[in-house]
């Protein structure tokens, strides 16, 4: 659980520059790919939409996980047990019992991440390129 909350504890500027160390021209990913011989020259992995998406997912994921965990912990196990006793399999129990009961957490997590990504300035500014604009930068 601590690794889930880790992005919340770190300053966003430090987090973004950490991702640049991973995605950079001579960063961790390119160094590994070069050492394995999979590429002959470093690839441009940073300063694009993909690096912004990875950075924003990394920042927003803890909020989604925390809301889902709190909702899933509040579901009474007897309800799922009753569905299994009535002949429902694991998939049907999930689709017809667990998923509807966890919808408030899913919606809350989606709203948190939507608001966070729409107002994000630091991550797109550092990990993105000037030609690619996001709503938070406009």
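Residue numbers (the working numbering): -9 to 128.
Even for Gly, the Cβ is constructed at its ideal location relative to N, Cα and C.
For clarity, every value in this text was computed on a predicted model and none was experimentally measured.
Given a length threshold of 3 residues, the segment 31 to 91 has no whole run of the beta strand (DSSP E) inside it. In its chain, beyond the 5 residues on either side, 95, 98, 99 have a beta carbon closer than 6 Å to the beta carbon of residue 57. Residue range 2 to 13 is occupied by the alpha helix (DSSP H) that includes residue 8.
DSSP, read as helix, strand or coil, puts residue 121 in coil.
For the pair residue 43 and residue 124, the Cα-to-Cα distance works out to about 11 Å. Residue state for residue 126 is assigned as coil, using DSSP reduced to three classes. In this structure, DSSP gives residue 29 a state outside helix and strand, which the three-state scheme calls coil. Contact between the segment 31 to 48 and the segment 67 to 76 is absent, with fewer than three C-beta pairs closer than 8 Å.
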